[in-house]
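Quick notes on the structure that follows.
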Amino acid sequence: MNKNKLFVLSILCLIFLLLERFLHISIYAVILFMTLGFGFVWYSSEAKITLKASKDRQNLKKQLKSSSTDAYLKHKQMQTIISMMPFPLILMDEDGKIVLYNGHAAILRKGNDERKLTYFDNDFIEQVQSILKDAYILENKMEKIIKINERDYQCCCVPVITHGHFGGSLIIFQDISNALEGERMQKRFIADASHELKTPISVIKGMVEILNRPDFDDMETQKDFNIQIQKEVLRLENIVKDLLELSKLSVSTPILHYENVNLHQLIHDTCHSLIPLMNEKKLQFKENLEGDAMLYCDPLKITQVINNLVVNAIKYSESGTIEVATRSDDNFYYLIVKDQGCGLFKEDQKKIFDRFYRVSNSRSRQKGGVGLGLSIVKSITDAHDAIIEVDSKINEGTTFTIKFKMK
Ligand code: ADP
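Read left to right, the sequence shown gives residues 84 to 490 (the numbering used here).
Below, the structure written as structure tokens:
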């Protein structure tokens, strides 16, 4: 019985006792009134309690309903976030059950099965199973690189801690193949560049050592060595120049200074300066400039492209004609450099744009090539969003076609 009820009952007792004493009401009537009074107080307080309990129940129901709606919404939000992640993602609970996963996780399956992924050691390919198992057993943060369908994935497991206990694990798989390939290429580039620089340096070093011998007095050899040293220094200079150019072009977005350029004029000027080289080898030169003359491009970089292609045409031709042509249609602006030189094998045609690639080391070295000219051409055409194609036949000649998209 609460305090209020006791207080009311005590007051009622007091009133009835006073009534009995001062108004001389019969004791039976007082007892009757007291019983009725007690009953009334008791009933009203019980009714209040029942009302409060029913209100509490209603509130509880409301709370339960809203918290289950909250939980549902949170689950939906989580599902949406997970499905929008651009890489495979899995959420596993503390019992190893797969709670959530997105569409990209399909590549982690054993076959093309569409069944729901349910448990860490079901349905997944072996490497993934072993990672999920480790995440489940170790309950720790983990990182591992694995190969799936010839691509490299960095797998990262993050434990989900709820109320201080392991509540499962979030596992993401990030495709790092491009980054690794970039790293590999960088390493190969450094190795190739060092190798290319080492050769002329050791030639110069050897010759200087001989020239410096106290007993060396062969004037003929000295003269010959001086010419060779000069050649090797020139070669070193060219390699360094090309490397610097390539490093500038390798920046993710090389800075191009676009303008409307009269390409016919630019070709004419660039090739004009190379005519003495063609004359030296008794090669003919032909310009076949058709279509639109104007092209929106970086004139300095395109000059370098024409120069590299025509110099190669001269280097790798012993006779015939070198032709530079242009034409255009609705889709492309074509720049074509054609020679009747030694040509290229099919398998070489795929690789000539790679850095330091030379078809025949001895022949290219003889011609003073390093294998960087065409990779510079490729970087420049890529930066212009243009396409470069090569068509060649051994001993018949080679044609390079650059297709600039019409803007
Ligand atoms: P290089 O400085 O060695 O000429 P490039 O990158 O310009 O380097 O060319 C790569 C290789 O492609 C050369 O070693 C050469 O064998 C081949 N090549 C390039 N242009 C021609 C061409 N017009 N005809 C035949 N072979 C070519």
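Just so you know, even glycine gets a beta-carbon here, dropped at the ideal spot from N, CA and C.
On a predicted model such as this, the values are computed, not experimentally measured, just so you know.
Contact check, residue i vs residue j, beta carbons under 7 Å
| i | j | result |
| --- | --- | --- |
| Glu-264 | Ile-322 | no |
| Met-482 | Lys-421 | Residue identity check: residue 482 is Thr in the sequence provided, not Met. Cβ atoms of Thr-482 and Lys-421: closer than 7 Å. |
| Leu-372 | Ile-397 | no |
| Gly-374 | Tyr-399 | no |
| Gly-54 | Glu-177 | Lying outside 84 to 490, the shown extent of the chain, residue 54 is not represented and no answer is given. |
| Leu-191 | Ile-165 | no |
| Gln-367 | Thr-404 | yes |
| Gln-432 | Val-407 | no |
| Ser-260 | Asp-235 | yes |
| Ile-350 | Ile-310 | no |
| Lys-193 | Ile-208 | yes |
| Ile-108 | Leu-102 | yes |
| Val-394 | Cys-354 | no |
| Leu-339 | Asp-381 | yes |
| Phe-299 | Tyr-416 | no |
| Leu-319 | Pro-283 | yes |
| Glu-479 | Gly-426 | yes |
| Gln-210 | Ile-228 | no |
| Pro-337 | Ala-154 | no |
Proximal residues to residue i (C-beta, below 8 Å), its chain only, five neighbours per side dropped
| i | result |
| --- | --- |
| Asn-391 | Gly-456, Leu-457, Ile-459 and Val-460 |
| Leu-100 | Val-113 |
| Ser-333 | Ser-462 |
| Leu-294 | Gln-305 and Phe-308 |
| Phe-436 | Leu-457, Ser-458, Val-460, Lys-461 and Ile-471 |
| Ala-469 | Ile-485, Lys-486, Phe-487 and Lys-488 |
| Leu-326 | Ala-276 and Leu-455 |
| Lys-331 | Pro-337 |
| Glu-401 | Lys-364, Gly-424 and Cys-425 |
Sequence-distant residues of the same chain with beta carbon closer than 6 Å to residue i, five excluded per side
| i | result |
| --- | --- |
| Ser-252 | Met-175, Ala-218, Cys-240 and Pro-242 |
| Gln-257 | Phe-170 and Gln-237 |
| Val-286 | Glu-315 |
| Met-290 | Phe-308 and Ile-312 |
| Leu-95 | Gly-120 |
| Phe-439 | Asp-275 and Gly-454 |
| Ser-493 | Because the chain in this structure spans residues 84 to 490, residue 493 falls outside the shown range and cannot be described. |
| Met-117 | Phe-99 |
Beta-carbon contacts of residue i that lie in its chain and below 7 Å, excluding the five residues immediately before and after
| i | result |
| --- | --- |
| Ala-376 | Asn-345, Leu-346 and His-347 |
| Lys-180 | Thr-201 and Tyr-202 |
| Ile-244 | Gly-250 |
| Gly-186 | Ser-166 |
| Tyr-379 | Tyr-341, Asn-343 and Lys-490 |
Residue(s) in a DSSP beta bridge with residue i
| i | result |
| --- | --- |
| Val-420 | Val-407 and Phe-483 |
| Pro-382 | Per DSSP, none; premise fails for Pro-382. |
| Cys-240 | Met-225 and Ile-254 |
| Glu-342 | Cys-380 |
| Arg-192 | Phe-207 |
| Gln-367 | Thr-404 |
| Ser-475 | Thr-481 |
| Thr-245 | His-248 |
| Lys-488 | Phe-415 |
| Asp-235 | Lys-230 |
| Leu-174 | Leu-183 and Leu-253 |
| Leu-372 | Thr-409 |
| Tyr-202 | Lys-180 |
| Ile-470 | Lys-486 |
Any non-hydrogen atom of the ligand NAD within 6 Å of residue i CB
| i | result |
| --- | --- |
| Ala-408 | Absence of the ligand NAD is noted for the structure shown, with the ligand ADP being the only ligands found. |
Any chain D beta carbon closer than 7 Å to residue i
| i | result |
| --- | --- |
| Pro-171 | Judged by its chain identifiers, the structure shown contains no chain D, having just a single protein chain. |
Open item on the list: For the pair the segment 137-146 and the segment 218-227, tell me if three or more CB-CB distances fall below 8 Å.
Closed with: no
Open item on the list: For the pair the segment 269-276 and the segment 305-321, tell me if three or more CB-CB distances fall below 8 Å.
Closed with: no
Task: Meets three-Cβ-pair contact criterion under 8 Å: the segment 143-157 and the segment 110-127 - done: By the Cβ test, the segment 143-157 is not in contact with the segment 110-127, since fewer than three Cβ pairs between them sit closer than 8 Å.
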